[in-house]
Structures are given as structure tokens and as C-alpha cells.
Amino acid sequence: MFRTALVLSVVATSAFAQDASDANIAAMVAAIEDAGCVVTADNGDAVHLASGLTEDETVAVILTMYADGLVALEEDGTMSLFTEACP
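This is the structure:
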């Protein structure tokens, strides 16, 4: 459920990307890397919990990461991370 809301938020508001703190971005990157570099319907809630961020912080982080090209929304509804650990 969280993942669906997150994807809709990114799509609906990507033009209004917010700046997130470097610490919050690092927390989300670590959580996604630990999940295998892809957020899916099956692991979305676990990734969110592992990040330790609130929903508002998570939305700001994902919007910032999306605007910076660090994540991509895939046709199958997943979100892929692009870092050194996740090429």
C-alpha cells in the first residue's frame, strides 16, 4: 500500500521536487540497496521501515532522488535505484 501511494506521489508531483537532507537520502539509499536495489510491491513497506523515515520525509527523499536521476520508475511498477552499488 505504501509503495503505491509513493509511486503516485512521485508521478503526480515530480515537477515539484523537494530538497531532502543528505542524511535522509543516505538512509533511503541504504534501505533500498539492502533490499537488492529495487523497491517492489512485496518489499516497499519493509524498505520504508528500514529507512527510519516518516512518510513525509520519504516522499521528499524519493522526489529529490527522482529529480536527481538516482531512481527510476519502471513500467512494472517497481522503482530501481542507481548508485555505485546498484548500477
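Residue 218, in the numbering used here, is where the sequence shown stops; the numbers in between run on with no holes. Beta carbons: idealized from backbone N, C-alpha and C, even for Gly. Since this is a predicted model, take the numbers as computed values, not measurements.
Would you report the Cα separation of residue 196 and residue 176, rounded to the nearest angstrom?
Just so you know, the alpha carbons of residue 196 and residue 176 end up roughly 18 angstroms apart.
Do you know offhand how far residue 160's Cα is from residue 199's?
Using only the alpha carbons, I get a separation of about 13 angstroms.
By DSSP, does residue 204 sit in helix, in strand, or in coil?
For residue 204, the secondary structure class from DSSP, reduced to helix, strand or coil, is strand.
So what does DSSP say about residue 180, is it helix, strand or coil?
Under the three-state reduction of DSSP, residue 180 is assigned to helix.
Nearest-angstrom Cα distance between residue 205 and residue 154?
Answer to the nearest angstrom: the Cα atoms are 26 angstroms apart.
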